[in-house]
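S.K.:
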Amino acid sequence: MKSVCILGATGSIGQSTLDVLARHPDRYRLFAVTANTQVDKMAQICRQFRPRIAVMSDQDSADRLRQQLQDLPDITLMAGSEALTEVASASEVDVVMAAIVGAVGLMPTLAAVRAGKRVLLANKETLVMAGHLFMQEVEKHRAELLPIDSEHNAIFQCLPADLQPGLQHNGVTRILLTGSGGPFRTTPLDQFDQITPEQAIAHPNWDMGPKISVDSATMMNKGLELIEACWLFDVDEQDVEIVLHPQSIIHSMVAYNDGSVLAQMGNPDMRTPIANALGWPERIDSGVEPLDLVKVSQLSFEQADERRFPCLRLARQSIIDGGTSMAILNAANEVAVEAFLQGQIRYTQIAELIEQTMQHVPSRNTDSLQQIIDDDLSARAYVKQQISSV
Ligand code: NDP
Ligand code: MG
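Residue 9 is where the sequence shown starts when you use this note's numbering, and the numbers rise one by one after that.
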């Protein structure tokens, strides 16, 4: 019996994780769940799964949850961001699902790693912000890091089980990172200025939270995933080729020196990578529909156009610039996407603001968490100031 903590239980990944856990009550026990403000959803999770601890980061929301769960005194309710760190590193926990969205996920995910847990990493922003430091901590504390992002989980599945350090020593020549191209893959470029948040969050293949849906539309998501792949698999950005694959059936591929290319396929449903990482090295049922290739009928591939998707170019640039450039890119993106969702800026301004921020906020080479967070904050302040002066 493994004891599980879900950071971000009310989100899209959190809900898919609960769905998989519910299929295996004999294997997993839910120890702790966390959310920010969605009280009703959290109350429902608590009633169904009876975790030992429920955390609301937001204090008012924690008070409201307490009201709603008066008849369940066995569940301990906690509030605030320190509580996230506390449950992520609690001695009772074996597995932590890191599924908070954005940079706020960094500290609790790091806490889980430092406590040597099996960490299922959905929160890609953690690796984008502090990849070098994070991977060092994984090694130092012998944490078990398993990727949830469908592409990285696919790559993980296509690599040899007895992986030797350095992908080239395993005969790997290239990683092919696939992406659907999102809802605007064929939209005429002169219409990009009119794109609304509703159009941007309507992803053709995946059902996800609002922030990552916008990231998928701009393809910043693929840019963040490129950074994520470089840290996770210890490769250079030139070793990762981004390939558009509109059907989202192949989730990524690994090319070997004998000419073999291994792909992992499946329906676009996050319960597959979640079940893979939860059960690894065993395979467990995820509830995902079997793949019907005859129904899919065609798998097609295209090159990604950086004029259409300038965020791809910016993400690559941030890797080349190194240091805190990736944290700056990520922070600028978070603020710009939020402003776009709030109707404060146009779609095309997302990439423009990120580029300006990268030009104006100096990056530095550091593994100091405080300096990374400071540069993240400087980038946020810069973008907010630019938005308010428009
Ligand atoms: P959602 O927006 O659906 O959920 C986010 C979760 O984080 C919610 O539980 C939310 O709580 C919580 N949260 C938000 N802000 C805070 C905060 N300030 N403090 C504490 N908790 C907070 O996101 P997704 O599930 O889509 O994505 C989660 C992560 O997984 C992201 O990093 C994303 O990039 C990654 N990912 C997601 C995929 C997907 O298919 N959805 C695929 C691959 C990666 P509340 O509900 O109370 O606001
Ligand atoms: Mg992905």
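Beta carbons: idealized from backbone N, C-alpha and C, even for Gly.
#1: Nearer than 8 Å: is that true of the beta carbon of residue 133 relative to any heavy atom of ligand 4?
#2: Should residue 272 go down as buried or exposed, given a rule of 16 or more other Cβ atoms within 10 Å for buried?
#3: Below 8 Å on the Cβ atoms is my guess for residue 149 versus residue 124; work out the distance and round it to an integer in Å.
#4: Report buried or exposed for residue 299, applying the criterion of at least 16 other Cβ atoms within 10 angstroms of its Cβ.
#5: Where the beta carbon is closer than 7 Å to any heavy atom of ligand 2, which residues qualify, in chain order?
#6: Alpha carbon to alpha carbon, how far is residue 203 from residue 241?
#7: Where are the alpha helix (DSSP H) runs, 4 residues long or more, that stay fully inside the region 184-226, in chain order?
#8: List the endpoints of the continuous beta strand (DSSP E) containing residue 155.
#9: Using a 10 Å radius around the Cβ and a threshold of 16 neighbouring Cβ atoms, would you call residue 396 buried or exposed?
#10: Would you list the residues sitting across from residue 42 in a DSSP beta bridge?
#11: DSSP three-state label for residue 249, please.
#12: Under three-state DSSP, which class holds residue 359?
#13: Please report the Cβ distance between residue 188 and residue 99, rounded to the nearest whole angstrom; I am assuming they are in contact, meaning their Cβ atoms lie under 8 Å.
#14: Which one of 41, 21 and 370 has the shortest CA to CA distance from residue 282?
#15: Any heavy atom of ligand 1 within a distance shorter than 8 Å of the CB on residue 178?
#16: Report yes if the CB atom of residue 105 is closer than 9 Å to the CB atom of residue 16, and no otherwise.
#17: For residue 304, count neighbouring C-beta atoms within 10 Å of its own C-beta (all shown protein chains included) and say buried if the count is 16 or more, exposed if not.
#18: If you draw a straight line from the alpha carbon of residue 351 to that of residue 205, how long is it in whole angstroms?
#19: Looking at the secondary structure, which residues open and close the alpha helix (DSSP H) in which residue 92 lies?
#20: Scan the region 112-147 and note each continuous beta strand (DSSP E) run of 3 residues or more that stays entirely inside, going in chain order.
#21: Whose C-beta lies closer than 7 Å to the C-beta of residue 59 among residues of the same chain, with five residues either side of it excluded?
#22: Closest by CA to residue 276, which one among 253, 398, 264 and 266?
#23: Tell me the residue span of the alpha helix (DSSP H) that contains residue 21.
#24: Measuring only between beta-carbons, confirm whether residue 264 sits less than 9 Å from chain C.
#25: Where do the ends of the alpha helix (DSSP H) carrying residue 165 lie?
#26: Considering only residues of the same chain and omitting the five flanking positions on each side of residue 132, which have a CB-CB separation below 6 Å?
#27: Where residue 140 and residue 239 are concerned, what is the direct C-alpha to C-alpha distance, given to the nearest angstrom?
#28: Go through its chain and collect everything with a Cβ distance to residue 373's Cβ below 7 Å, but skip five positions before and after it.
#29: I'd like to know if the region 190-197 and the region 205-217 are in contact, where contact means that at least 3 CB-CB pairs between them fall below 8 Å.
#30: Between the alpha carbons of residue 375 and residue 306, how many angstroms are there, rounded?
M.R.: Well, looking at it:
#1: Absence of ligand 4 from the depicted structure is noted, with ligand 1 and ligand 2 being the only ligands included.
#2: Residue 272 sits at position 264 when you count from the first residue of the sequence shown. Buried is the call here.
#3: For the purposes of this step, residue 149 is identified with residue 141 of the sequence shown, where counting begins at 1. For the purposes of this step, residue 124 is identified with residue 116 of the sequence shown, where counting begins at 1. Their Cβ separation, rounded to whole angstroms, is 5 Å, which keeps residue 149 and residue 124 in contact under 8 Å.
#4: In the sequence shown, counting from the first residue as 1, residue 299 sits at position 291. Classified as exposed, residue 299 has fewer than 16 neighbouring CB atoms from the shown chains inside 10 Å of its CB.
#5: Answer in sequence order: 157, 158, 159, 229 and 233.
#6: Position 195 of the sequence shown holds residue 203. Position 233 of the sequence shown holds residue 241. So the alpha carbons of these two residues sit roughly 35 Å apart.
#7: Uninterrupted alpha helix (DSSP H) stretches at least 4 residues long and entirely within the region 184-226 occur at 205-209 and 218-226, given in chain order.
#8: Along the sequence shown, read from residue 1 onward, the residue named residue 155 stands at position 147. Unbroken beta strand (DSSP E) run through residue 155: 152-155.
#9: On the sequence shown, residue 396 is found 388 positions in, with the first residue counted as 1. Counting C-beta atoms within 10 angstroms of its own C-beta, residue 396 has fewer than 16 neighbours from the protein chains shown and is therefore classed as exposed.
#10: By one-based count along the sequence shown, residue 42 stands at place 34. Partner(s): 15 and 63.
#11: By one-based count along the sequence shown, residue 249 stands at place 241. In this structure, residue 249 counts as strand in the three-state DSSP scheme.
#12: In the sequence shown, residue 359 corresponds to position 351, counting from 1. Three-state DSSP puts residue 359 in a helix.
#13: Here residue 188 is taken as the residue at index 180 of the sequence shown, counted from 1. Here residue 99 is taken as the residue at index 91 of the sequence shown, counted from 1. About 41 Å separates the two Cβ atoms, so there is no contact after all.
#14: For the purposes of this step, residue 282 is taken as residue 274 along the sequence shown, with counting starting at 1. When each option's Cα is compared against that of residue 282, the closest is 21.
#15: Position 170 of the sequence shown, counted from the first residue, corresponds to residue 178. With a cut-off of 8 Å, the C-beta of residue 178 is classified as distant from ligand 1, since no heavy atom of the ligand falls inside that distance.
#16: Here residue 105 corresponds to residue number 97 of the sequence shown, with the count starting at 1. Here residue 16 corresponds to residue number 8 of the sequence shown, with the count starting at 1. Cβ atoms of residue 105 and residue 16: closer than 9 Å.
#17: To locate residue 304, count along the sequence shown from 1; it is residue 296. By the neighbour-count definition (other C-beta atoms within 10 Å, threshold 16), residue 304 is an exposed residue.
#18: Translated into the one-based positions of the sequence shown, residue 351 becomes position 343. Translated into the one-based positions of the sequence shown, residue 205 becomes position 197. Rounded to the nearest whole angstrom, the CA to CA distance from residue 351 to residue 205 is 8 Å.
#19: Against the sequence shown, residue 92 aligns to sequence position 84. Start and end: 89-96.
#20: Under the rule that a run must span 3 or more residues, the beta strand (DSSP E) segments found entirely inside the region 112-147 read 126-129.
#21: Walking along the sequence shown from the start, residue 59 turns up at place 51. Closer than 7 Å at the Cβ level, and outside the excluded window around residue 59, lie 38, 39, 40, 41 and 83.
#22: The residue you call residue 276 lines up with position 268 of the sequence shown. Nearest option by C-alpha distance: 253.
#23: Working through the sequence shown from its first residue, we reach residue 21 at position 13. Taken as a continuous stretch (DSSP letters only), the alpha helix (DSSP H) holding residue 21 covers 20-30.
#24: Within the model displayed, chain C is absent; a lone protein chain is all it includes.
#25: Stepping through the sequence shown from its first residue, residue 165 is reached at position 157. Note, residue 165: alpha helix (DSSP H), 158-166.
#26: Position 124 of the sequence shown, counted from the start, is the residue given in the question as residue 132. Closer than 6 Å at the Cβ level, and outside the excluded window around residue 132, lie 157, 232 and 236.
#27: One-based indexing of the sequence shown puts residue 140 at position 132. One-based indexing of the sequence shown puts residue 239 at position 231. When rounded, the distance between both Cα atoms is 7 Å.
#28: Here residue 373 corresponds to residue number 365 of the sequence shown, with the count starting at 1. Once the five neighbours on either side are set aside, the close Cβ partners of residue 373 are 330 and 331.
#29: Touching, per the Cβ criterion.
#30: The residue labelled residue 375 in the question sits at position 367 within the sequence shown. The residue labelled residue 306 in the question sits at position 298 within the sequence shown. Take the alpha-carbon of residue 375 and the one of residue 306: they are about 45 Å apart.
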